[in-house]
Amino acid sequence: TKEESRRPQSCRKENRCEKSCSKENSCQEGRSKESCAQEKSSINFFGYRVTTPTYIALEGLEGCGKSTHTKRLGEHLNAVMTREPGGTRIGALLRAILADPENTDLAPRTEALLMAADRAQHMAEVIQPALDRGQHVVSDRSIYSTLAYQGYGRRLGTPDLLNISTWALNGRLPDMVVFISVPTDILNERLAKRDLDRFEREGADFFARINDGFTELREADPDRWIVIDGTVPKDDVEAAIRVAVLDRLN
Ligand code: TMP
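Printed below as a string of structure tokens:
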């Protein structure tokens, strides 16, 4: 269009559809990113565009602000807001075992399997039914917490955990992961004001491994992940998340 031809070259490039950027699947037509995303994420319903229900997970280390921003994004999208572990009645029972600082004898593999059990119940009872009803889902944590905490933090490695969790999810992984990035020294200051659960009592090495894990996971799958600076004021974090998510939804 005339409008497009007026844009500078770099801008036009950025606006190419995603397909044209991926090597395996180059877009012959070179359509705009907008029109491609629209086709991908929407169906026509009597002439109205309906966005495909999307499963969005917020991830990050404790104290990064996930819970606040799950709520804020969820409300903005009129989505089902939920969390792992503990998004169902059964999940709340599992969460109590997982979080209790008295359970110092919980073996790493038991911990991983309890997280997977929570996730299976969560998918069956909350996530899939919401998506089937046509609602977006915004979840505080997901399979990627298992890969980071149990895979890297507990050193169980990621391949088996990915298989177990994918099975628990019946293959339905999050479509989008919003990672709220905050340096660990700032997080430690925030945590100093809280009653600590079993995970939060772990040492700095554990959290350093998890942080590295999250970095590797998002670098391996950049199309799925959005990284947000969590050090700025809450309202700015909220606005950045909203812009990035809406950009991908549309
Ligand atoms: P939360 O305090 O962020 O709600 O999460 C509870 C704790 O559970 C947190 O320390 C991260 C941990 N966790 C895992 O270790 N593996 C998982 O799969 C999930 C979902 C959470």
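Position in the sequence shown (first residue = 1) + 912 = my numbering. Don't be surprised by glycine CBs; every beta carbon is placed ideally from N, CA and C.
Query: Counterpart residues of leucine 1103 in DSSP-defined beta bridges; Result: In DSSP, leucine 1103 forms no bridge with anything.
Query: Nearest-residue set for the ligand TMP, Cβ under 5 angstroms from any heavy atom; Result: Glu996, Met1027, Arg1053, Ser1057, Thr1058, Tyr1061, Phe1111
Query: Sub-8 angstroms separation of glutamate 1094 and leucine 973 beta-carbons; Result: First, the amino acid is wrong: residue 1094 is valine here, not glutamate. Their beta carbons are under 8 angstroms apart, which means valine 1094 touches leucine 973 by this criterion.
Query: Distance, leucine 1068 Cα to leucine 1099 Cα; Result: 24 angstroms
Query: Nearest-angstrom Cα separation, counted from threonine 1078 out to alanine 1019; Result: 21 angstroms
Query: Beta carbon proximity, arginine 1045 to chain B, threshold 8 angstroms; Result: As a matter of chain content, chain B is missing from the structure shown, which is built from one protein chain.
Query: Arginine 1031 versus Thr1016, Gly998, Ala1042, residue with shortest Cα-Cα distance; Result: Gly998
Query: Closest residue to aspartate 1012 among Lys1146, Ile1122, Phe1111, Val1144 (Cα-Cα distance); Result: Phe1111
Query: Buried versus exposed, by CB contacts within 10 Å (16 or more), arginine 1007; Result: buried
Query: Cysteine 939, DSSP secondary structure in three states; Result: Any answer about cysteine 939 is weak, because its pLDDT of 37 lies below 50 and its placement is not dependable; what the coordinates show is given next. Of the three classes helix, strand and coil, the one that applies to cysteine 939 here is coil, per DSSP.
Query: Glutamate 996 burial status per 10 Å Cβ neighbour count (16 or more: buried); Result: buried
Query: Local conformation of leucine 974 per DSSP, three classes; Result: The residue you asked about is not leucine; residue 974 is glutamate in the sequence shown. Glutamate 974 falls in the coil class under three-state DSSP.
Query: Rounded distance between the beta-carbons of alanine 1060 and leucine 1129, thought under 8 angstroms; Result: 6 angstroms
Query: Short Cβ contact (8 angstroms threshold) for tyrosine 1064 with glycine 1125; Result: yes
Query: Spatial distance of arginine 984 from methionine 1035 (CA atoms); Result: 22 angstroms
Query: Best match in Thr1096, Leu1085, Gln1033 for proximity to aspartate 1117 [C-alpha to C-alpha]; Result: Thr1096
Query: Beta strand (DSSP E) runs contained entirely in the stretch 1109-1162, provided each spans 3 or more residues; Result: 1137-1141
Query: Backbone secondary structure at aspartate 1017 - three-state DSSP; Result: coil
Query: Short Cβ contact (8 angstroms threshold) for glutamate 1023 with glutamine 1062; Result: yes
Query: Reduced DSSP category for serine 1054 - H, G, I as helix; E, B as strand; rest coil; Result: coil
Query: Close-in-space but distant-in-sequence residues of the same chain around arginine 1066 (CB under 6 angstroms, 5 per side omitted); Result: Pro1020
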